[in-house]
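Engineer: Take a look at the following structure, please.
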Amino acid sequence: MRAVLIAAKQLAFAKTRLAPALPAGTERIALAEAMFRDVLSAALSARLPAMVAVVTSDAALIALARTGGALVIDEEYPRGLNVAVRLGTEFLIDRGATTVCTLLSDIPLVTSEDIDASFAAMPTGGAGVVLVPSGDFTGTNMMTRMPPDVIQTRFGRLSLVRHVDDCRARGVPCEVVWMARPAIDLDVPQDLIEFARMPSMTHTFGQLSRLGMIHG
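Numbering-wise (this note's numbering), the sequence shown opens with residue 1399 and increments by one.
Below, the structure written as structure tokens:
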């Protein structure tokens, strides 16, 4: 059974590196929520997964996930991204998931087609990992694993090479698949500038427009 897991920080702690462009905490919170909405919508629209789950300790995101029909893993307090993903992965395994695609909540251009393509790219013949890199090819923005705990996640600095190295060390087939839309994450002010140049029907683009960051 295929499942999607979205990992999201508490909104109050999200996107602090955007402070030079968005000094008000409320603005960063609103932007992080908009990005989460976009990622959740893509996951719920994907054709291949049978389940969509969200792991977070944020009450507002928990409410959004439940309203949308996603399963919720309340981590109760911030434990760090990789610990949260482990909790969510164990939750999904207990419910019968055999393949899990983990998405970060700051890739607002991801689509249901991208998620389905990640599942479809899984190496044949048993265990495998599909890694979708960030735009600079250092990070991992999507990660699909079969079985879901075949390797642990190492989201963070230089995660792409760490994930690849773990697969090699364990003899697990691994595919690095470039996807243009999931590669775009919003971490630093320059990312906002680049995103604003690409009009889209996303909640994120609309929020940046409301903040006066979209110029015609």
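C-beta atoms are modelled at their ideal positions from N, C-alpha and C, and glycine is treated no differently.
Under the three-state reduction of DSSP, which class applies to Leu-1502: helix, strand or coil?
Structural biologist: Strand at Leu-1502.
Engineer: Rounded to the nearest angstrom, what separates Met-1520 and Arg-1426 at their Cα positions?
Structural biologist: Roughly 35 Å separates the two Cα atoms.
Engineer: Going by DSSP in three states, Ile-1460 sits in which element: helix, strand or coil?
Structural biologist: Three-state result, Ile-1460: helix.
Engineer: Here's the rule I'm using: 16 or more other beta-carbon atoms within 10 Å means buried, otherwise exposed. How should Ala-1518 be labelled?
Structural biologist: Its Cβ having fewer than 16 others within 10 Å, Ala-1518 is exposed.
Engineer: Going by C-alpha to C-alpha distance, which of Pro-1506, Asp-1504 and Pro-1531 sits closest to Ser-1516?
Structural biologist: It is Pro-1531.
Engineer: State whether the stretch 1592 to 1607 contacts the stretch 1501 to 1508, with contact taken as three or more CB pairs (one from each stretch) at a distance under 8 Å.
Structural biologist: Touching, per the Cβ criterion.
Engineer: Verify whether the separation of the beta carbon atoms of Leu-1403 and Val-1528 is less than 8 Å.
Structural biologist: No; because the gap between Cβ atoms is not below 8 Å, this pair is not in contact.
Engineer: Enumerate in chain order the residues of its own chain whose CB-to-CB distance from Met-1611 is below 7 Å, with the five nearest sequence positions on each side excluded.
Structural biologist: These residues qualify, in order along the chain: Leu-1590 and Ala-1594.
Engineer: Is the stretch 1532 to 1544 touching the stretch 1464 to 1482 in the sense that three or more CB pairs, one from each, lie closer than 8 Å?
Structural biologist: Verdict: no, contact absent.
Engineer: In whole angstroms, what is the alpha-carbon distance linking Glu-1488 and Asp-1583?
Structural biologist: C-alpha separation (whole angstroms): 26 Å.
Engineer: Determine the contact status of Ala-1410 and Val-1452, defining contact as a CB-CB distance below 8 Å.
Structural biologist: Contact flag unset, no.
Engineer: Mind checking which residues open and close the beta strand (DSSP E) that includes Ile-1471?
Structural biologist: First-last of the beta strand (DSSP E) with Ile-1471: 1469 to 1472.
Engineer: Cα-Cα, which of Arg-1568, Asn-1539 and Gly-1569 is closest to Leu-1556?
Structural biologist: Residue Asn-1539 is the option with its Cα nearest to Leu-1556.
Engineer: Beta-carbon within less than 7 Å of Asp-1472's beta-carbon, same chain only, minus the 5 sequence neighbours each way: which residues are those?
Structural biologist: So the qualifying residues of the chain are Ser-1455 and Ile-1460.
Engineer: Where does Thr-1522 land, buried or exposed, given buried means 16+ other C-beta within 10 angstroms?
Structural biologist: Under this definition Thr-1522 is an exposed residue.
Engineer: Over what stretch of residues does the alpha helix (DSSP H) that includes Leu-1485 continue unbroken?
Structural biologist: Counting along the chain, the alpha helix (DSSP H) containing Leu-1485 begins and ends at 1479 to 1492.
Engineer: Can you give the beta carbon distance from Val-1496 to Val-1483, rounded, assuming they're within the 8 Å contact cut?
Structural biologist: Here residue 1496 is Thr; the residue named in the question, Val, does not match the sequence. About 17 Å; that fails the 8 Å criterion.
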